[in-house]
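Numbers -26 to -1, 1 to 728, taken from mature numbering (1 follows the signal peptide of the UniProt record, and there is no 0), label the letters of the sequence shown in order. Cβ atoms here follow ideal geometry from the backbone N, Cα and C, with glycine treated the same way. Below is one structure, written out as structure tokens, with a few remarks after it.
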Amino acid sequence: MFALPRTKVLITLALSLTMYATTTLAKNHQYHLAFANNQINVDGVMNEPAWSNATKLKLNYENSPAEGSPAPVTTEVYIYENQTHMNVAFIAHDPQPQNIRASLRDRDALGNDDWVGIVIDTFDDKRSGYQFLANPLGAQADYRVKDVDAWDEDDSWDAIWQSAGQITQFGYVVEMSIPYHSLRFPATNGKLNWNIAGLRHYPRDKKYELASFQKNRNIDCTLCQYDQLSGFEQIKVDNALQLTPTLTLSRGDSRPQPNDQWQAGDLKTDAGLDIRWGVTQDIVFNATINPDFSQVEADASQLDINNTFSLFIKEKRPFFLDGAAYFFAERFKFVHTKNIDSPDYGLKLTGKTGKHSFGVMLTNDNTTNFVIPDTQSSKIVSLNTPSDNFIARYKQDIGNRSTIGALITHRQAESYRNTMLSVDGSHWLTKVDSISYQAGHSDTDNPKVLYNPDILNGEADYNLAKTQQGHALKIQYTRKLRDYSLRLGYADVGNEFRADMGFHRQVGYRKIFAGGNKRWFGHENDIFKEWGFDTGASQSLDRQGKLLTQDIELTGWLHGNKQFKVESTLLGQERIYQNQNFKELQLSTNAEYISASGIELSLNAKYGSQVDFTNVQLGKITQVEPAIDWDMDEHLNLKLAHNFSQLSSDLGELYSANLTDMRFTYKFSIRSLAKLVLQYTQINRNPDNYLIDKSSVDANYRSFSSQLVYTYKVNPQTLFYIGYSNNAFQQQEMSGLQQNKRNLFAKFSYAFQI
């Protein structure tokens, strides 16, 4: 039904679509950074004399929804430096200031507010940079941005800087002060050239994106279109050493069985120290001793049902996030530091000198966690043995935008070792055509518990050899222009490849994929600002040449000028599972709408045929995921998401699952907030419709967890929080929800800058 052309035909089809295109870069403006030997009081009031002589930029362009048209409102940016800080101020004019959207926000959560900000490319390499944003009340967001294959913003990066805002009768004013020790840039005593852009988010009847540069959408590069800011001759980086002691208090009580008495846990007190030393402006050394890796907020809930692959959990811990971009490689996720669970110490050195960037990390771990991948599934393994972990990464810039690099990861414990080495690169053939690749090799010695099923008491048979060696390769060609893009790629991963420091879930396959999209853009007063379609096809074979999956996918989208968008995908897929052939056909839709008052509504839905992996049969899947993000007023925010999933077969319903995640946040001020998180899961199964042993099917399962946290945060490293959480669950033999865990916790940390 869904048979695809063979590899040769796919390659011929994709290459036949490739056309030649030429583009030219708009001329960049040159600015010289003003200097004044004083520091501002960051209060959102521009009353310091230094502002009168500051370098001035204007945000003259509307880059979305229009393409480089004159901006509908006036925004002025003032910049000067004083050896230790870059000081930035924005005057954002608004003809109707009563319509300004602004709430007290947590960091990196500006949502649909008005905001202003800058992006700076401190190495003048047009590959990466820093983004600093603030809303009219001074709430902050900062990102590490990457602009190699595509624009990417990493909100896990957190710098220490100041901001404040004031809403006025003509609009609003924002002041920022960014210390140089929070940035990385070339170590030199002479003039520096940074690429810079001023930005403004202006959400009204439309979501206007304003900027100081006129963006050319035919150029698959944004940083290279920025203006240039020169100067910085008198930079003096102070406070290069930062010491952050931490103190964590916690107590956890448990009740193993519903009728048992509570077992009171001991009060645990842990002291630790984080060290950050700017060796030079472009090299940073990090160390952590007895690190506190407690997490303030519960992870977002995920349904793990009718799924053969392990779920991904995002890294949130400060030691691993500082300089994380230096360990990024091109095509595979071979570094996922969440695998390092409980270290006593960690050492890290990251930096960039000239065209060369590097990162080295060394930690121990009191447990050893990693993913064991297979062709059609994966498992997370936890060994109760300590391990040593090592990561090293090197990358060299080539020409204007190309790169080449290498990565090595190593983990070692008693009777266990995994070493992985890879090379990768991204090479631009023209301004719109690129090839990226990564090739890796791994060598693994497995502990006896993973290859001797007798030790596992029959609980699990990982079917692994004592030693394993394998390879991984992925290469992709991409062409990106304003109106269309093309992609063609190939992946080849051996059966025994392992990247135990990363998140690599599948092995033993060869895959070819190809696709492209076409876009159209509306005019300023049209109902739709963008619409288009994307089509793609892929085929995966196992190492013996037998089919694993092959699919054809067609996606269409509409983006409205009035802050709504809808996207629908039709997927036809043939899948071989447990030596049986299944043909799936699914329709999925995603819709988002932002009201004039800033309420964000979203809906994800899917319906169609899907493999029932438990019973090895074809079933019918129905999924509905509504969500709302609502600023009730300046202080109170509600985030509510629900996930409903139902799978049925010819015999009737197999299961229905409901997951609800509700989060209330009350901001007392920019620095302090209280957050309540409620998470509820209910799964109902019908054992009579299962083909496996019915006694092994848990007919009813429920769980409920809650967490209340108060946080006072001066900056990402200087903070205090105290919280309480509890968990309850119910299985089919239980009469109701029974509480089984409760925890009280507090943390204090303070960043001393020396």
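I'd like the list of long-range same chain contacts for V51, defined as Cβ closer than 6 Å, with 5 residues on each side in sequence excluded. On the sequence shown, residue 51 is found 77 positions in, with the first residue counted as 1. For V51, where only same-chain residues beyond five positions count, the Cβ hits under 6 Å are L31, F64 and G172.
Whole angstroms is fine: what's the gap from R716's alpha carbon to K520's? Here residue 716 is taken as the residue at index 742 of the sequence shown, counted from 1. Here residue 520 is taken as the residue at index 546 of the sequence shown, counted from 1. If you take the alpha carbons of R716 and K520, they lie about 50 Å apart.
How many Å lie between D296 and N674 at the Cα? Along the sequence shown, read from residue 1 onward, the residue named residue 296 stands at position 322. Along the sequence shown, read from residue 1 onward, the residue named residue 674 stands at position 700. Rounded to whole angstroms, D296 to N674 spans 43 Å at the Cα level.
Counterpart residues of S542 in DSSP-defined beta bridges: By 1-based counting over the sequence shown, the position of residue 542 is 568. Partner(s): G530 and T563.
Suppose you measure from the CA of N167 to the CA of Y464; what does that come to, to the nearest Å? For the purposes of this step, residue 167 is taken as residue 193 along the sequence shown, with counting starting at 1. For the purposes of this step, residue 464 is taken as residue 490 along the sequence shown, with counting starting at 1. Approximately 39 Å between the Cα atoms of the pair.
Using alpha carbons as the reference points, say which of W131, G582, S514 and Q518 lies closest to T543. Residue 543 sits at position 569 when you count from the first residue of the sequence shown. With distances taken between Cα atoms, T543 lies closest to G582.
Please report the residue range of the alpha helix (DSSP H) in which V19 lies. Against the sequence shown, residue 19 aligns to sequence position 45. Looking at the DSSP string, V19 is not in any alpha helix (DSSP H), and its letter there is neither H nor E.
Check each candidate in D256, L395 and P292 and name the one with the smallest Cα separation from F306. Position 332 of the sequence shown, counted from the first residue, corresponds to residue 306. Nearest C-alpha to F306: L395.
For the structure I just gave you, are there three or more beta carbon pairs, one from the region 404 to 424 and one from the region 452 to 459, closer than 8 Å? Touching, yes.
Where does A238 land, buried or exposed, given buried means 16+ other C-beta within 10 angstroms? Along the sequence shown, read from residue 1 onward, the residue named residue 238 stands at position 264. The residue is exposed, with fewer than 16 neighbouring Cβ atoms inside 10 Å.
Curious, which full-length beta strand (DSSP E) runs of at least 3 residues does the region 177 to 261 contain? Counting only runs of 3 or more, we get 181 to 185, 201 to 205, 215 to 228 and 242 to 254.
Would the region 118 to 127 count as touching the region 193 to 207 if we require 3 or more Cβ pairs under 8 Å? yes
Could you check the C-alpha separation between D362 and D244 for me, to the nearest Å? Along the sequence shown, one-based indexing puts residue 362 at 388. Along the sequence shown, one-based indexing puts residue 244 at 270. Rounded to whole angstroms, D362 to D244 spans 22 Å at the Cα level.
Less than 7 Å between the CB of H616 and some heavy atom of the ligand MG, yes or no? The ligand MG is absent from the structure shown, which contains no ligand whatsoever.
Indicate the three-state DSSP secondary structure (helix, strand or coil) for H155 in the structure shown. As a first step, residue 155 must be located in the sequence shown, where it is residue number 181. It is helical.
Across which residues does DSSP place S679 in a beta bridge pair? Position 705 of the sequence shown, counted from the start, is the residue given in the question as residue 679. Per DSSP, Q653 and N701.
Using 10 angstroms around the beta-carbon of G432, count the other beta-carbons present and answer buried if the total reaches 16, otherwise exposed. Locating residue 432 in the sequence shown gives position 458, where the first residue counts as 1. For G432, the predicted model reports a pLDDT of 44, less than 50, meaning its position is unreliable; a value from the coordinates is still stated below. It counts as exposed.
Under 8 Å between the Cβ atoms of N109 and R79? For the purposes of this step, residue 109 is taken as the residue at position 135 of the sequence shown. For the purposes of this step, residue 79 is taken as the residue at position 105 of the sequence shown. Result yes, Cβ atoms of N109 and R79 sit closer than 8 Å.
Going by beta carbon distance, what residues of the same chain come within less than 6 Å of E541, once the five residues before and after it are set aside? Here residue 541 refers to the residue found at position 567 of the sequence shown. Excluding sequence neighbours, E541 sits near W531 and N564.
Just to check my reading of the structure: T342 and A387 have Cβ atoms closer than 8 Å, yes? What is that Cβ distance to the nearest angstrom? Indexing the sequence shown from 1 puts residue 342 at position 368. Indexing the sequence shown from 1 puts residue 387 at position 413. That pair is a contact at about 5 Å.
Given M475 as reference, the closest of H175, N491 and R391 once Cα atoms are compared: Reading the sequence shown from its first residue, position 501 is the one you call residue 475. For the residues H175, N491 and R391, the minimum Cα distance to M475 belongs to R391.
Assign G710 to one of two classes, buried (16 or more other C-beta atoms within 10 Å of its C-beta) or exposed (fewer than that). Counting from one through the sequence shown, the residue named residue 710 turns up at place 736. Its Cβ having fewer than 16 others within 10 Å, G710 is exposed.
Which stretch, first to last residue, makes up the beta strand (DSSP E) that contains P110? Counted from its first residue, the sequence shown places residue 110 at position 136. From DSSP, P110 is part of no beta strand (DSSP E); its letter is neither H nor E.
At the level of alpha carbons, what is the spacing between I53 and E566? Taking the sequence shown and counting its residues from 1, one reaches residue 53 at position 79. Taking the sequence shown and counting its residues from 1, one reaches residue 566 at position 592. Their backbone Cα atoms lie some 37 Å apart in a straight line.
Of the residues S512, N555 and L561, which one's Cα is nearest the Cα of T529? Start at 1 with the first residue of the sequence shown, and residue 529 comes out as number 555. Checked all of S512, N555 and L561; the closest Cα to T529 is L561.
Determine, using beta-carbon pairs with one atom in the region 622 to 629 and one in the region 663 to 674, whether at least three such pairs fall under 8 Å. yes
Between E558, N374 and A28, which lies nearest to W402 when the distance is taken from Cα to Cα? Along the sequence shown, one-based indexing puts residue 402 at 428. Closest by alpha carbon: N374.
With DSSP as the reference, please indicate the residues paired to P347 in a beta bridge. The residue given as residue 347 occupies position 373 in the sequence shown. DSSP output for P347 lists S352 as bridge partner(s).
DSSP three-state call for W25: helix, strand or coil? For this step, residue 25 is matched to residue 51 along the sequence shown. DSSP places W25 in helix when its eight states are reduced to three.
Pick helix, strand or coil for T311, following the three-state DSSP scheme. The residue given as residue 311 occupies position 337 in the sequence shown. Helix.
Would you kindly report the start and end of the unbroken beta strand (DSSP E) that includes P292? In the sequence shown, residue 292 corresponds to position 318, counting from 1. Premise fails: P292 lies in the alpha helix (DSSP H), P292 to L295, not in any beta strand (DSSP E).
Residue(s) in a DSSP beta bridge with A413: Residue 413 sits at position 439 when you count from the first residue of the sequence shown. V397 and L447, per the DSSP bridge assignment.
Coil, strand or helix - A115 by DSSP: The residue you call residue 115 lines up with position 141 of the sequence shown. Note: A115 maps to strand in three-state DSSP.
Taking DSSP's pairing of strands, which residues face L577 in a bridge? Taking the sequence shown and counting its residues from 1, the one referred to as residue 577 is at position 603. DSSP, once it has assigned bridges, lists A565 and P600 as partnering L577.
Can you say whether A570 is buried or exposed, counting buried as having 16 or more other CB atoms within 10 angstroms of its CB? By one-based count along the sequence shown, residue 570 stands at place 596. A570 comes out exposed.
Selection from M708, F502, T523 and Y686 that minimises the alpha carbon distance to S512: Along the sequence shown, one-based indexing puts residue 512 at 538. Nearest C-alpha to S512: T523.
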